[in-house]
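For reference, the structure is listed below as C-alpha cells.
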Amino acid sequence: MLNLKDYNIAKNVHLYRQGDLSIAYDVNSGSLHVLDDQVYSYIQEIIQVQRDNPQSLADPEKILRTVGSGFADQEREEILAELAELQKEKLLFSPEAEKIEPSYPDVPLIKAMCLHVAHDCNLRCKYCFAGTGPFGGSRELMSLETGQLAIDFLLKHSGQRAQCEVDFFGGEPLLNFQVVRQLIAYGKEEAQKVGKNMKFTLTTNAVLLDEAVADFLEEEGVSVVLSLDGRQEVNDKMRPYASGKGSYARIVPRILNFIKKRPDSSQYAIGKYYYVRGTYTHYNTDFYKDVLHMADLGIKRVSVEPVVAPPKENYAFRAEDLVKIKESYDILGEKILEYRSKGKEFSFFHFNAGLDDGPCLPKRLSGCGAGHEYVAISPEGEIYPCHQFVGQEKYKLGSLHDSGSYLKEELVQEFRKAHVYAKEECSSCWARYSCSGGCHAANVAFSRELTKVYPLGCELQKKRLEVAYYLKIREIEQRTLV
Amino acid sequence: MAKHIQTVIKGNLSLTAKTGGCGQCQTSCQSACKTSCTVGNQVCEK
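Below, the structure is given as C-alpha cells:
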C-alpha cells in the first residue's frame, strides 16, 4: 500500500512536462519515470493538497480519499497499485537520503589544480572575469620555477590519490607556451617518480593554436577547452582583440583543424578530450542558435554557459531574460534530437546527466571541491580556492613560497562546510543532488556568502536538468527500439 | 507490466551515501565547465 505519511512529494519527486512527455524524477534514488496523463494529474493533485494544507502530510489517507475524484474506481486502484509497487522498490517516493555531511581527512587532499601560467591575454573579452587577463593585478607570466613549485605542491598534497589534474589557464596560457611545455615534461616525470599519473588540460582562446602547438597537445595527450561563443557576430561582439577587431575569423579554422584530430572525444570529458566552450549573455539569449552554428561547423562537443556578471553591466542578464533563456534550452533539446535523427549527433555539455552511472551522494553533496580538493595558483605562486577567486585577497589560501605552503585552515573549513546541506535554499529543492548548491564563486558574487545561492543560476540549472533528463529518456527509448 | 508508468532509469543514489566517497573522480569544474558546478553531469569512475 502506498505510504505517504510525512512525505513531502514536491521536495522528493520532481514532476514536469518536457516535449510531449510527463516525467517524474525521484530525487533520492535518481530514478526516472515516464507517466501517462492520469498518473501525472493524480500526483499533481496530491502535491497541490500538500502545498495548500501542510498539516495534511500527517494524514495521507485523508489526502488519498480526496484526490482522484475524476477517475473511475478501477483506474484509481490501478494507479495506486503501480505507485505502491514503485515505492516498495524504492524507485518512486523513495525514502529521503540519510543526511550524512561529507567527511574529509584532517589535512586537505588536493587532487586538481588550475595553473594560471599567464595573467595576460591577446584578446579583450568584455565579460572576462579575469579583467581581460590580469585578474585585477599586473599582466604577468608564471615562471618555470613557480610552476614547478606548484606541481611539487600538488604531488605532495594529493595523498594516496593516483590521478592528479592540472589545468593550464590564464589569461591565455599559450602566451607562456614554453613554460607549459616544460611543466608538462616536469609534471609527468615527477608524478612517475612517486607512482602517480598527471592529467593535463589547457583552456585556450585558440589565437595561438597553430599546427605545431596542436601537434604537441595531441602527442602529449593534453585535453583542451577551446573558447568560441558561436555565430561570428555574437563572438566578435564580446571576444575582440585590443584593436576591437573580432577573433572569429582567426580562431575558427584553428579550432576546426584541432578537433579533427580527436573524433572520438568523450562527451563526459574523460580521457583525452576537447570541448568548445562559449559564454552567452543578455545579447544572445537565443544562444541555441550559437550552439547549432557550432554543431553545423562540425564541432561535436559544445558547452555554452551563462555569463556571471555584475548587474550594472550591459551584457548582464535581466529578470525578463529568463523566459527567453529557458525557451532556448527547450529548443536546443529538440534540435539535439533532430540532429541525432539525421546522423549529425553532437553533445551539449550541460545536457549530460549522470543518473544510474552518475557520481555518488558524497560527491554530489560536496561539489567542485574548491578550496580543499581543487586550488588555483596565480603567476606569483599565490594559492586560491579556484580560478574565479584569484586576486581576491579575502580568499587567498596561502603561497607556494611560504615555508611548508600550508593552506589557511579557517578558509579550508569554510569551503568544506559550504555543501548542499548548509544552504537553506537547497534543503527542499529537487535539484539538490545534481548541482551541489551551485558555483561558490557565483554565490559569493551575488550574495557575498558561500552558503547563499545565486537564484538565477538555480533557475538555469533546473531548466538544464529538466532537458537533460528528457534527452536521457529519449536516448534510452531510441536504444530500446534499435 | 505497468500500464500507467514506465520506469526508464532505476537508480539507488541514496544507498551511495555509505558506499561512495572514494574520491577518485575527476574534479567537476576541471572539465568543460569553468563557471558553474556541474557535478550531476559527471559519471562515476569507480
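Protein chains in written order, with the working numbering: chain Z, 1 to 482; chain S, 1 to 46.
Note that beta-carbon positions come from the ideal geometry of N, C-alpha and C, so glycine has one too.
Nothing here was measured: the structure is a model prediction, and the numbers come from that model.
- Distances from the alpha-carbon of residue 28 of chain Z to those of Z:13, Z:375, Z:154 put Z:13 closest.
- In this structure, DSSP gives residue 164 of chain Z an extended state, which the three-state scheme calls strand.
- The Cβ atoms of residue 176 of chain Z and residue 117 of chain Z sit closer than 7 Å to each other.
- The alpha-carbon separation between residue 67 of chain Z and residue 46 of chain Z amounts to approximately 7 Å.
- Contact between residue 286 of chain Z and residue 324 of chain Z holds, with the beta-carbon distance rounding to 7 Å and staying under 8 Å.
- In the three-state reduction of the DSSP assignment, residue 299 of chain Z falls in the coil class.
- Inter-residue distance for residue 244 of chain Z and residue 143 of chain Z is about 30 Å (C-alpha atoms, whole angstroms).
- The beta-carbon distance between residue 169 of chain Z and residue 115 of chain Z, rounded to whole angstroms, is 6 Å. This is short enough to meet the 8 Å contact definition.
- Residue pairing of residue 112 of chain Z in beta bridges, as defined by DSSP: Z:165, Z:374.
- In the DSSP assignment, residue 278 of chain Z falls outside any alpha helix (DSSP H) and within the unbroken beta strand (DSSP E) covering 274-280.
- The Cβ of residue 215 of chain Z sits no closer than 7 Å to any Cβ of chain S.
- With contact defined as three or more Cβ pairs closer than 8 Å, the segment 63-83 of chain Z and the segment 373-388 of chain Z are not in contact.
- Residue burial is scored here from C-beta neighbours: residue 160 of chain Z has fewer than 16 other C-beta atoms within 10 angstroms and is therefore classed as exposed.
- Counting along the chain, the unbroken beta strand (DSSP E) around residue 197 of chain Z starts and ends at 197-204.
- Assigned with DSSP and collapsed to three states, residue 384 of chain Z falls in strand.
- For residue 36 of chain Z, no beta strand (DSSP E) segment is defined, and its DSSP state is neither H nor E.
- If the five residues before and after residue 208 of chain Z are omitted, its C-beta is found closer than 6 Å to the C-beta atoms of 174, all from its own chain and listed in chain order.
- About 13 Å separates the Cβ atoms of residue 331 of chain Z and residue 471 of chain Z, ruling out a contact at the 8 Å cut-off.
- Non-local beta-carbon contacts of residue 459 of chain Z in its own chain, meaning distances under 7 Å to residues more than five positions away in sequence, involve 322 in chain order.
- Here the alpha carbons of residue 461 of chain Z and residue 348 of chain Z stand approximately 14 Å from one another.
- Under the three-state reduction of DSSP, residue 104 of chain Z is assigned to coil, being neither helix nor strand.
- For residue 434 of chain Z, the uninterrupted alpha helix (DSSP H) segment begins and ends at 432-435.
- Annotation for residue 9 of chain S: the continuous beta strand (DSSP E) segment containing it runs 5-9.
- Looking only at Z:360, Z:225, Z:277, the smallest Cα-Cα distance to residue 231 of chain Z is reached by Z:277.
- Contact check for residue 359 of chain Z against residue 370 of chain Z fails: the beta carbons are separated by 7 Å or more.
- With respect to residue 2 of chain Z, residue 22 of chain Z sits apart: the two C-beta atoms are not nearer than 7 Å.
- For residue 23 of chain Z, the enclosing beta strand (DSSP E) has its first and last residue at 21-26.
- Taking 7 Å as the threshold, the shortest C-beta distance from residue 360 of chain Z to chain S falls below it.
- Note that the C-beta distance between residue 275 of chain Z and residue 303 of chain Z is below 7 Å.
- The way I'd put it, the segment 442-458 of chain Z does touch the segment 412-419 of chain Z; three or more beta-carbon pairs between them come closer than 8 Å.
- Distance between residue 439 of chain Z and residue 320 of chain Z, taken at the CA atoms: about 22 Å.
- Taking 3 residues as the minimum length, the segment 417-464 of chain Z contains no beta strand (DSSP E) run wholly inside it.
- Rounded to the nearest angstrom, the gap between the Cα atoms of residue 97 of chain Z and residue 432 of chain Z is 12 Å.
- The closest CA to that of residue 2 of chain S, considering only Z:24, Z:30, Z:79, Z:390, is found on Z:79.
- Inclusion of residue 29 of chain S and residue 45 of chain S in the CB contact set at 7 Å is not warranted, their separation being larger than that value.
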